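Q: So that we are looking at the same thing, I have put the structure below in structure tokens.
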Amino acid sequence: MLQRHPLLLAEWLALRNLFTRARAHATKVVAAGLATIGASAVLLLTLRWQFPPAIAALLTYRVLTMIVIGAYAFSVVGKQRRRAEVRYTQFWLAAAPVRQYSRALAILVVSLLPLAAQLLAVCVLLAVMGAVGGVDAASVGELMLWIAAATVLGAAVGWWSARRSRADAMEGSRYVRQPKARTNTVPSVAALSGWPVAQVRAWGRPENLRVLLMIAMLAVQAGSSALVGLSVVAMWLLGGYLAGLLAAVLQTANQASRWLRSTPLPFAQFAWAVSRRALAYQVVLTTLAVGLMVILGAPVLSALYIGGLWLTIVLLACSIGLAESYRGRPPLIRMALSFAAVAVVEAREYGWSIPMAAALAAWHLRAGAKT
Amino acid sequence: MTAIVLEIRDVHARYGKSDRVSRAVGGAIRGIPRGDVLRGVTLQIRAGQWFCLLGPNGVGKSTLLHCVAARLAPTAGDIAVCGHSVRTSTIEAKRKLGFGCAPEQLPGLLTGRQCLEVYANAKGLERIDPDVVELSEALKFSGYLDRFVDTYSLGTRQKLCVLLALLGEPALVVLDEAFNGLDPGSALVVKRHLQQRLAANRCGVLLATHSLDIVEHYADKAALLLDGRIVREWSDSEIAAVREQGANRLEELLAMETGSSS
Chain H
1 MLQRHPLLLA
11 EWLALRNLFT
21 RARAHATKVV
31 AAGLATIGAS
41 AVLLLTLRWQ
51 FPPAIAALLT
61 YRVLTMIVIG
71 AYAFSVVGKQ
81 RRRAEVRYTQ
91 FWLAAAPVRQ
101 YSRALAILVV
111 SLLPLAAQLL
121 AVCVLLAVMG
131 AVGGVDAASV
141 GELMLWIAAA
151 TVLGAAVGWW
161 SARRSRADAM
171 EGSRYVRQPK
181 ARTNTVPSVA
191 ALSGWPVAQV
201 RAWGRPENLR
211 VLLMIAMLAV
221 QAGSSALVGL
231 SVVAMWLLGG
241 YLAGLLAAVL
251 QTANQASRWL
261 RSTPLPFAQF
271 AWAVSRRALA
281 YQVVLTTLAV
291 GLMVILGAPV
301 LSALYIGGLW
311 LTIVLLACSI
321 GLAESYRGRP
331 PLIRMALSFA
341 AVAVVEAREY
351 GWSIPMAAAL
361 AAWHLRAGAK
371 T
Chain W
372 MTAIVLEIRD
382 VHARYGKSDR
392 VSRAVGGAIR
402 GIPRGDVLRG
412 VTLQIRAGQW
422 FCLLGPNGVG
432 KSTLLHCVAA
442 RLAPTAGDIA
452 VCGHSVRTST
462 IEAKRKLGFG
472 CAPEQLPGLL
482 TGRQCLEVYA
492 NAKGLERIDP
502 DVVELSEALK
512 FSGYLDRFVD
522 TYSLGTRQKL
532 CVLLALLGEP
542 ALVVLDEAFN
552 GLDPGSALVV
562 KRHLQQRLAA
572 NRCGVLLATH
582 SLDIVEHYAD
592 KAALLLDGRI
602 VREWSDSEIA
612 AVREQGANRL
622 EELLAMETGS
632 SS
């Protein structure tokens, strides 16, 4: 069948070759897989008491759950369709005489496949959560059905709504504030500290922000006061920004280390330059988020604890990301193991994850400095 | 006698342990173990020398340059930049090195000026070299300095890569296909600039290239890399002799050496 659809054949061969190449690094792949499975198992066993109430809550608020999942599916499929359409106009087979229906089929498969894989992963996760947490199979099955229905509905609307979209040719820097034109060029690593912030702005284009805003607005309970409503929306936006900023530091660390590896830049200077502004933003905005949580009625100590825990996660993830990128290694395995260790400690002794994560961060930074 | 700026001694290198490469075996394409990409490369470059590294695709030219730039650790042998081992005195070796990174590795969300500033700082410079500023003006790059790199064309990115490689008066300039994407005028400006630096013995140049006109008209030395080994070297006089023999002589010689002549 694939022989009659050259675009799908090309995609399939690329995917197959990816797995073949991964097989050549079997030890690393198996190690990464085992580390991920191990970390997931530890997390699942540690949090197993939380699963029955979580699944019950998802079923109680099934309409909200369906709206969120539908919105996600809508967004993913729409984005994938636009991307696929642009991609196939610039594909290496763009000039080949591929029939229109074959091209449309390829776009459909490429657009739906990531979401289908995610749906499968979520169903497997729910089944495992149900088995580990002792939730009855009927409840888990019902939740799966609701999620699947929301996904299908959201995907269909997303596919339909993206049908007349224009080619997405926007540059990454389009939403990044243009620096002022200057006449002098002075050696400085200041631009490195602005890079993660610029990256978050580049990601924060309206088409991405609208999804977050939609979820944030749906999270406001009916009958809430204006202050509470605004605080809830602000919390979601703040949370999205902080998570984006963390991801941006990790990505920037990877790209900057590849670019600057042939220079004599010391690790400490590199790490400080890349992370200092992002960390300052994290501290300031986390403090703001703690304030918002208190406004929303959370106990002060709990809000402070959540803020501290988030900053700990940021510190640990940034340290591992920066150190491993600088050493030219993928940070995934160390990150999975470190977070699993921190989760275990936190499950045993409330609040102990913070000093543990700080110690792990220092250890990783020291290893990076030795490079 | 001018100083040796690069000495590569019996270098072996590989990417991973079980990497495989596609080769024609018995009429079919099969994956066979790659083993070492570099298998005992030895060469020397002096200040004032323009050394061109030739070879078909995939024989290890870029791998060798990555070893010189300490981006990849050799599995055996040693590389010294101005007498500093890339393995043991990495920082000192990197201070003497100007490496032209691949255009796609430039950070898209920084401006050209910011790239120059960060790179200069990373090399420990107190100011941007005036001749790099002059070169950027000669390349008509000044107008792009305050624009984001992700809005640059391939040629403009390539100009920035060359400018970055020349920052900080490097004793060894390492360029990988640095003239790809450059318009003929800009390429000529870069070649003349490199020639000026070489004439004053300010540096040595190691260029991996497929452009035989650069070898014929600018190189002082050239070497052919095949299957991870240097199989042929041409001195200045040999290159001059090849040039005398006609326009396509070097091309024919390379085709014979690589076994791709019909």
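Taken in order, these protein sequences are the chains called H and W.
Heads up: the first sequence runs through residues 1 to 371, numbered per the numbering used here.
Heads up: the second sequence runs through residues 372 to 633, numbered per the numbering used here.
All C-beta atoms in this analysis are idealised placements derived from N, C-alpha and C, irrespective of residue type, glycine included.
Quantities reported herein were computed from a predicted structural model and do not represent experimental measurements.
Taking residue 450 of chain W as the query, report the chain H residues whose CB atoms sit under 8 Å from its CB, ordered along the chain.
A: The premise fails here: residue 450 of chain W is roughly 13 Å from chain H at the closest Cβ pair, so nothing lies under 8 Å.
Q: Can you list, in chain order, the residues of its chain whose CB lies under 6 Å from that of residue 106 of chain H, leaving out five sequence neighbours each side?
A: Excluding residues within five positions, the ones whose Cβ falls inside 6 Å are 7 and 8.
Q: Output, in sequence order along the chain, the residues in the stretch 431-462 of chain W whose CB is closer than 7 Å to any CB in chain B.
A: Protein chains in the displayed structure are H and W, and chain B is not among them.
Q: Which full runs of the alpha helix (DSSP H) of 4+ residues lie inside the stretch 51-87 of chain H, going along the chain?
A: 51-60, all fully within the stretch 51-87 of chain H.
Q: In three-state terms, what does DSSP make of residue 401 of chain W?
A: Its pLDDT being 45, under 50, residue 401 of chain W is placed unreliably in this model, and the coordinates cannot settle the point.
Q: In angstroms with no decimal places, state the Cα-to-Cα distance between residue 535 of chain W and residue 470 of chain W.
A: Cα to Cα, the separation comes out at about 8 Å.
Q: Is the separation between the beta-carbon of residue 539 of chain W and that of residue 502 of chain W shorter than 8 Å?
A: No, Cβ-Cβ distance for residue 539 of chain W and residue 502 of chain W is not below 8 Å.
Q: Could you tell me which whole alpha helix (DSSP H) segments of length 4 or greater appear in the stretch 550-593 of chain W?
A: Entirely contained in the stretch 550-593 of chain W, the alpha helix (DSSP H) runs reaching 4 residues are, in chain order, 555-570 and 583-589.
Q: In terms of alpha-carbon separation, which member of H/201, H/365, H/24 and H/347 lies closest to residue 324 of chain H?
A: The shortest C-alpha separation from residue 324 of chain H is found at H/365.
Q: Would residue 360 of chain H and residue 338 of chain H be called neighbours here (beta carbons separated by less than 8 Å)?
A: A contact, by the Cβ cut-off of 8 Å.
Q: Let me check one thing: in DSSP terms, what residues is residue 333 of chain H bridge-paired to?
A: DSSP lists no partner for residue 333 of chain H.
Q: If we count the other Cβ atoms within 10 Å of its Cβ and call it buried at 16 or more, is residue 259 of chain H buried or exposed?
A: Looking at its Cβ environment, which holds 16 or more other Cβ atoms inside 10 Å, residue 259 of chain H is buried.
Q: Determine contact between the stretch 67-75 of chain H and the stretch 154-162 of chain H, defined as no fewer than three beta-carbon pairs at a distance below 8 Å.
A: Cβ pair count under 8 Å is three or more, so yes.
Q: Between the stretch 187-200 of chain H and chain W, which residues of the former have CB atoms less than 7 Å from a CB of the latter, in chain order?
A: Within the stretch 187-200 of chain H, the residues whose Cβ lies closer than 7 Å to some Cβ of chain W are 187, 188, 189, 191, 192, 195, 198 and 199, listed in chain order.
Q: Check whether the stretch 267-287 of chain H touches the stretch 182-202 of chain H, counting contact only when three or more Cβ pairs, one atom from each stretch, lie closer than 8 Å.
A: In short, these stretches touch, since the Cβ pair count reaches three.
Q: Can you tell me the Cα-Cα spacing of residue 565 of chain W and residue 576 of chain W, whole angstroms?
A: If I take the Cα positions, the gap works out to 8 Å.
Q: List the DSSP bridge partners of residue 600 of chain W.
A: DSSP, once it has assigned bridges, lists W/597 as partnering residue 600 of chain W.
Q: Are any of the Cβ atoms in chain W nearer than 8 Å to that of residue 275 of chain H?
A: So no, residue 275 of chain H is outside the interface.
Q: Can you check the stretch 274-330 of chain H for any alpha helix (DSSP H) of at least 4 residues that lies completely inside it and give the ranges in chain order?
A: The qualifying runs are 300-326.
Q: Just the chain H side, please: which residues come within less than 9 Å of residue 517 of chain W by C-beta, in chain order?
A: Near residue 517 of chain W (Cβ distances below 9 Å), the residues of chain H are 178, 179, 180, 181 and 182.
Q: By the three-class DSSP mapping on this structure, what secondary structure does residue 447 of chain W have?
A: Looking at residue 447 of chain W - three-state DSSP - the assignment turns out to be strand.
Q: How about residue 470 of chain W: is its C-beta nearer than 8 Å to some C-beta of chain H?
A: Yes, contact with chain H.
Q: Got a sec, what are the start and stop residues for the alpha helix (DSSP H) residue 482 of chain W sits in?
A: Careful: residue 482 of chain W lies outside any alpha helix (DSSP H) and carries neither H nor E.
Q: Whose C-beta lies closer than 6 Å to the C-beta of residue 189 of chain H among residues of the same chain, with five residues either side of it excluded?
A: The answer, listed in chain order, is 273.
Q: Under three-state DSSP, which class holds residue 380 of chain W?
A: The answer is strand: DSSP assigns residue 380 of chain W an E or B state.
Q: Between the beta-carbon of residue 639 of chain W and the beta-carbon of residue 262 of chain H, is there less than 8 Å?
A: Look at the range of chain W in this structure, 372 to 633, and you will see that residue 639 of chain W is not part of it.
Q: Taking 8 Å as the CB-CB limit, is residue 262 of chain H close to chain W?
A: Residue 262 of chain H counts as touching chain W.
Q: If distances are taken between C-alpha atoms only, which option among W/476, W/411 and W/543 comes closest to residue 465 of chain W?
A: Selected option, being the one with the closest Cα: W/543.
Q: Taking a cut of 9 Å between CB atoms, which residues from the stretch 485-497 of chain W lie near chain H?
A: Cβ contacts with chain H come from 485, 486, 487, 488, 489, 490, 491, 492, 493, 494, 495, 496 and 497.
Q: Along chain H, in chain order, which residues have C-beta atoms closer than 9 Å to that of residue 476 of chain W?
A: Those are 255, 258 and 259, listed as they occur along chain H.
Q: Under 8 Å between the Cβ atoms of residue 425 of chain W and residue 477 of chain W?
A: Contact: no.
Q: Assess contact between the stretch 84-96 of chain H and the stretch 227-241 of chain H, defined as three or more Cβ pairs (one per stretch) separated by less than 8 Å. Is contact present?
A: They do not touch, by the three-pair rule.
Q: So residue 585 of chain W contacts chain H; which residues on that side make the cut at Cβ distance below 7 Å?
A: Simply none; closest approach about 22 Å.
Q: Cβ closer than 7 Å: which chain W residues qualify as neighbours of residue 265 of chain H?
A: Result: 493.
Q: Using a Cβ-Cβ cut-off of 7 Å (strictly less than) and excluding sequence neighbours within five positions of residue 384 of chain W, which residues of its own chain qualify?
A: The answer, listed in chain order, is 407, 408, 409, 434, 438, 443, 445 and 446.
Q: What's the call for residue 523 of chain W, buried or exposed, on a 16-neighbour Cβ count within 10 Å?
A: Buried, by the Cβ-count rule.
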